[in-house]
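So the protein sequences, as listed, match chains A and B.
Numbering-wise, full-length UniProt numbering puts 100 at position 100 of the first sequence, and it's gapless, one number per residue.
Numbering-wise, full-length UniProt numbering puts 82 at position 82 of the second sequence, and it's gapless, one number per residue.
Notes follow the structure.
Number of protein chains: 2
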Amino acid sequence: MTTTPSRRTQAERREGTITALLDATVRCLAERGYAATSTAAVCAEAGVSQGALFRHFPTRQALLVATAKHVATRNVAQFRATVAQGVDTVEDVAVVLTHLRGVVLSPANQTWRELLVAARADADLRAALHPARESLQSQMLVAAADLWADRLPADDLAAVLSIVVNMLDGLAFSALDPDPAAPPGRTVERALRLLAEMIVSHYPQEQP
Amino acid sequence: MTTTPSRRTQAERREGTITALLDATVRCLAERGYAATSTAAVCAEAGVSQGALFRHFPTRQALLVATAKHVATRNVAQFRATVAQGVDTVEDVAVVLTHLRGVVLSPANQTWRELLVAARADADLRAALHPARESLQSQMLVAAADLWADRLPADDLAAVLSIVVNMLDGLAFSALDPDPAAPPGRTVERALRLLAEMIVSHYPQEQP
DNA sequence: ATAGAAAGTGAGTGCTTGCTATCTAACTGT
DNA sequence: ACAGTTAGATAGCAAGCACTCACTTTCTAT
């Protein structure tokens, strides 16, 4: 038999169930939505008892806020990874936009959006989410500037980012199909390509 | 004294409380969100008893679906009214976009969006909302075509509409400020203007 | 005028929710 | 080894939920 198959320090046990709870919350939010993400559902998904949940999170909202911060960092990373590639031609921009659409439909982003919507009707949640929101936005701006600052004035960069991100978010909100890997659909595909054309032609490439 | 201050036919009474309930549902959804729009809350807002609600709507979901259809027509009308004006220069397009932003932040649109989000996690609601969704989209396309068909190919029109509508929806989702009449904010203002410039320069005006 | 139907009331039903109290199991410092 | 602390499990509670039912009020047809 194995020597000590289950000998963990307290800190390890603690962190283990906490991340299990956070991941379970992400899955619940992404699959069932905010209202159906009850403490019981999360515990069942995580495979722990309700007592364990309320030991680490004093209230349901605390769990949700912690989950928000949990996914916010992941979202920034996904954005960076997707946007960090050579972007010159229309084709390049179109590819990036299509990839970004996939990112925006991922569970982490879905979770974040679900919490944002809930925050509209809940002042406390809104206040708790505010710092993460600000940080997310500024980090995305930095990531975009890393690659495009030589091509666009700073103000325009923020504006373009607003157009792109908000359009993709709007798309995600109205994409009721639960399958995130579904193909874009004719109109959406054309819309993304058109947006790429508009951006590139409005900010033509510097001649080297 | 007045002759018959409260002598209404049954049909009038019926219709009266039904529209009271629908309007109350709109207000609840726009102000408190989907989860907090309980039958009790709606009845309190409408000033009727719960029995009255369940006489006319067999279930909470039926009330919500009816409310969705109720606001869908209003949304189309608002869109038509806003879009139906001379649109030639960048300035014209920017003005229309700014007005559209206001429309999208209105209670009727807020309600519609709240129901769409809820539908993502509720297959029945999703199915019930599907026809209204299709009709809304096609009617908006027709309204846009009425004014722009001479300037854009049909495919491009749908794409532009997708960009504009989805961006405004995304904006509305992340506009946590409960005041719908709040000023657009620097970045948003610039984004809308930039989008207007892009559209107009990509589809230059026909010379008369 | 009156029987009958429709509209509206409000107390009640069973169920789910977020959360707590009580207890046992697992780890830690000495 | 063992007292003390932390982690986790379980049963249960008050509140709120969607919905029902026996009942009164309001209109309608004869």
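Every residue, glycine too, gets a C-beta built ideally from N, C-alpha and C.
Listed by chain order, chain B residues near residue i by CB distance under 9 Å
i	result
F54 of chain A	Per Cβ cutoff of 9 Å: no residues; F54 of chain A is ~21 Å from chain B at best.
S201 of chain A	M198, S201, H202
T59 of chain A	Here the premise fails: no neighbours, minimum Cβ distance about 16 Å.
Which listed residue (the options) has its alpha carbon closest to that of residue i
i	options	result
A40 of chain B	B:A154, B:G33, B:Q50, B:A145	B:Q50
W112 of chain A	A:G33, A:I199, A:D150	A:G33
N109 of chain A	A:N166, A:A128, A:T89, A:L147	A:N166
Q205 of chain A	A:A149, A:G170, A:A181, A:R186	A:A149
A48 of chain A	A:A36, A:D179, A:L141, A:T17	Going by the sequence as given, residue 48 of chain A is Val instead of Ala. Among A:A36, A:D179, A:L141, A:T17, the Cα nearest to that of V48 of chain A is on A:T17.
V104 of chain B	B:E134, B:T37, B:N75	B:N75
L114 of chain B	A:Q137, A:F173, A:A159	For the sequence presented, residue 114 of chain B should be read as Glu rather than Leu. It is A:F173.
G170 of chain B	B:D179, B:D155, B:A159, B:V188	B:V188
L168 of chain A	A:T73, A:V96, A:V142, A:S138	A:V96
S138 of chain A	A:R151, A:L125, A:A158	A:A158
residue 216 of chain A	A:D156, A:R101, A:T89, A:A72	Given that chain A is displayed from residue 1 to residue 208, the structure contains no residue 216 of chain A and the question cannot be resolved.
V83 of chain A	A:T25, A:A145, A:I163, A:F54	A:A145
R190 of chain A	A:Q85, A:S135, A:V90	A:V90
D179 of chain B	B:R101, B:V164, B:A121, B:I163	B:R101
A81 of chain A	A:E31, A:R120, A:A44, A:L147	A:L147
A132 of chain B	B:A68, B:R8, B:L192, B:R7	B:A68
residue 209 of chain A	B:T9, B:A127, B:R193, B:A30	Not covered by the structure: residue 209 of chain A. The range shown for chain A is 1 to 208.
A127 of chain B	A:D177, A:T59, A:L195	A:D177
D77 of chain B	B:A175, B:M140, B:R7, B:R8	Note that residue 77 of chain B is Ala in the sequence shown, not Asp. Closest option to A77 of chain B, Cα to Cα, is B:M140.
E197 of chain A	A:V87, A:A181, A:L136, A:E15	A:V87
A70 of chain A	A:L195, A:S38, A:L136	One detail in the question is off: residue 70 of chain A reads as His in this sequence, not Ala. Minimum Cα distance to H70 of chain A is reached at A:L136.
F79 of chain A	A:V164, A:A182, A:R151, A:A11	A:V164
A11 of chain B	B:H56, B:E45, B:A182	B:H56
E15 of chain A	A:R151, A:V42, A:A52	A:A52
Under 7 Å by beta carbon: chain A residues contacting residue i
i	result
T82 of chain B	Residues of chain A passing the Cβ test: none, with the nearest at roughly 17 Å.
L152 of chain B	The premise fails here: L152 of chain B is roughly 10 Å from chain A at the closest Cβ pair, so nothing lies under 7 Å.
D156 of chain B	L194
T187 of chain B	A158, A159, S162
A191 of chain B	A159, S162, I163
Proximal residues of chain A, C-beta to C-beta of residue i below 9 Å
i	result
V26 of chain B	Within chain A, no residue comes near V26 of chain B; the closest Cβ sits about 14 Å away, beyond 9 Å.
D169 of chain B	N166, M167, D169, G170, L171, F173, S174
CB-CB length for residue i against residue j, believed under 8 Å
i	j	result
P153 of chain B	T98 of chain B	With 8 Å as the limit, P153 of chain B and T98 of chain B do not qualify as a contact, their Cβ atoms being about 26 Å apart.
P107 of chain A	R27 of chain A	7 Å
I199 of chain A	V142 of chain A	That belief does not hold up - the Cβ atoms of I199 of chain A and V142 of chain A are roughly 19 Å apart, past 8 Å.
D124 of chain A	Q61 of chain A	6 Å
residue 210 of chain A	L22 of chain A	In the structure as shown, chain A starts at 1 and stops at 208, and residue 210 of chain A therefore has no counterpart that could be examined.
R186 of chain A	A94 of chain A	Contact flag wrong, Cβ pair sits at about 15 Å.
A121 of chain B	A20 of chain A	Contact flag wrong, Cβ pair sits at about 22 Å.
S162 of chain A	H202 of chain B	Rounded, the Cβ-Cβ distance is 18 Å, inconsistent with contact.
L64 of chain B	T9 of chain B	About 28 Å; that fails the 8 Å criterion.
Residues that residue i contacts on chain B, provided the C-beta gap is smaller than 7 Å
i	result
I18 of chain A	Chain B residues near I18 of chain A: none, gap ~25 Å exceeds 7 Å.
R126 of chain A	L176
Under 8 Å by beta carbon: chain B residues contacting residue i
i	result
A35 of chain A	Y34, A35, A118, A121
- Task: Would you mind listing the alpha helix (DSSP H) stretches within the UniProt domain "HTH tetR-type" (15-75) of chain A that are 4+ residues and don't spill past its ends, in chain order?
- Result: 39-46, 50-56
Checklist entry - Quick one: complete alpha helix (DSSP H) runs, 4+ long, within the segment 117-179 of chain B? => result 123-148, 154-174
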